[in-house]
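K.L.:
Below is the structure I would like to discuss, written out as structure tokens.
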Amino acid sequence: MKTKMVRIDKNGRMALPAKMRKQLNIVSGGNVTVEMKKDKIIISGPDTALEAARRLFNSNRKPDGSGVAKLLADRRKEFELEEEKCKKW
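Under UniProt numbering, the final residue of the sequence shown carries the number 89; numbering is consecutive throughout.
Right, dumping it as structure tokens:
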């Protein structure tokens, strides 16, 4: 882990060193994630947040896409049951 001392101005702003910004793909006007852990502030670049979102999404997704297939099958079955009820009336 690289550590660098930076100055905080009167408005609470700081300038991140150019080399660190480049390594983390942080661009002017872009966004970063700021996280507080105990007595530390962790600043992550946009790629880190995107990768975390991908991991979360993929951890809840079934590899065969069966979630969508199951939903469609359930809806078809419900529709067929409703059709049968309507025919009885």
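For every residue, glycine included, the Cβ atom is placed at its ideal position computed from N, Cα and C.
In the DSSP assignment, the beta strand (DSSP E) including T48 goes from what residue to what residue?
P.N.:
It is not in any beta strand (DSSP E) - T48 instead sits in the alpha helix (DSSP H) that spans 46 to 59.
K.L.:
Return the residue from the list P46, L56, L71, E80 that minimises the CA-CA distance to K22.
P.N.:
P46
K.L.:
Using the DSSP secondary-structure output, state which residues sit across from M36 in a beta bridge.
P.N.:
I41
K.L.:
Ordered along the chain, which non-local residues of its own chain (more than five positions away) have a Cβ less than 8 Å from that of I41?
P.N.:
V34, E35
K.L.:
Straight-line CA distance for L50 to A73?
P.N.:
Rounded to whole angstroms, the separation of the alpha carbons of A73 and L50 is 32 Å.
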